[in-house]
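For the sequence shown, the tail end lands on 167 under this note's numbering, and the numbers increase by one without skipping. From the three backbone atoms N, C-alpha and C, an ideal C-beta is built for every residue, glycine too.
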Amino acid sequence: MSTLTILQRGEPVLSTIAKPILDIHAAEIKQLIVDLKTTVTLAKGVGIAAPQVGTSLCLFIMCSAPSERYPDAPLLAPSVIINPEILNTSDEQELGWEGCLSVKGKRALVPRYSSIDVSYLDETGIIHNQTLTGFLARIFQHELDHLDGITFIERLDNENDAIDEAQWRQQILNN
Ligand SMILES: [Zn+2]
-7 MSTLTILQRG EPVLSTIAKP ILDIHAAEIK QLIVDLKTTV TLAKGVGIAA PQVGTSLCLF
53 IMCSAPSERY PDAPLLAPSV IINPEILNTS DEQELGWEGC LSVKGKRALV PRYSSIDVSY
113 LDETGIIHNQ TLTGFLARIF QHELDHLDGI TFIERLDNEN DAIDEAQWRQ QILNN
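Rendered as structure tokens:
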């Protein structure tokens, strides 16, 4: 079990389209999953995608629990999402605050679909077809973007719409 270095925006792998995983039972994939779970837990993130640790493969972890940054987050034990797809989206989008382990110290209001139908494999190879809403739909869309080589900054009309975490803390937590 080891903690992996989380790469920051600007690294080429973070703007590269990730490749589907062909053999989900390969030893390197099992190791990657263990290491990603450790890394996201220690970093207190709600998700992490393989490209963020330098591996350009279609895999991410979602995990969610209420925290200072995400007080309304539902409880979700770390879940492995392999070769994900969005099959359908709601018409509506909603704005919500996001940050990213690869965009340190910045947060922004990002538009995301409020409901999505998704399909993916878990680490045992079982296919899941699910409808995700709210915060979990948001995490899924954020992490899937990493597999398409984009971060939440590219979802903003203007890069300057992202504010410093300290500023966000003042604005939001004091309201
Ligand atoms: Zn991210």
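Among I131, D114 and L124, which has the Cα closest to the Cα of K37? Looking at the sequence shown, residue 37 is not Lys but Gly. With distances taken between Cα atoms, G37 lies closest to I131.
Close-in-space but distant-in-sequence residues of the same chain around D114 (CB under 8 Å, 5 per side omitted): S71, V72, I73, I74 and H120.
When every heavy atom of ligand 1 is checked, does at least one fall within less than 7 Å of the C-beta of L168? Since the first and last residues shown for the chain are -7 and 167, residue 168 lies out of range.
Can you determine whether any heavy atom of ligand 1 sits closer than 7 Å to the C-beta of T196, and answer yes or no? Since the first and last residues shown for the chain are -7 and 167, residue 196 lies out of range.
Here's the rule I'm using: 16 or more other beta-carbon atoms within 10 Å means buried, otherwise exposed. How should I53 be labelled? buried
Chain B within 8 Å of T47, Cβ atoms only: Here there is only one protein chain, and chain B is not present.
Quick check: does the Cβ of H134 come within less than 7 Å of any heavy atom belonging to ligand 1? yes
Quick check: the segment 153 to 166 against the segment 133 to 141, are there 3 or more CB pairs under 8 Å? no
Residues near G91 in its chain [Cβ-Cβ closer than 6 Å; skip 5 each side]: R99
Once DSSP output is grouped into helix, strand and coil, what is the label at K22? helix
With DSSP collapsed to three states, give me the class of V194. Since the first residue of the chain shown is -7 and the last is 167, residue 194 is not available in this structure.
Out of T47, F144, L24 and A129, which has the shortest C-alpha to C-alpha gap to Y171? Past the edges of the chain, shown from -7 to 167, lies residue 171, and the structure says nothing about it.
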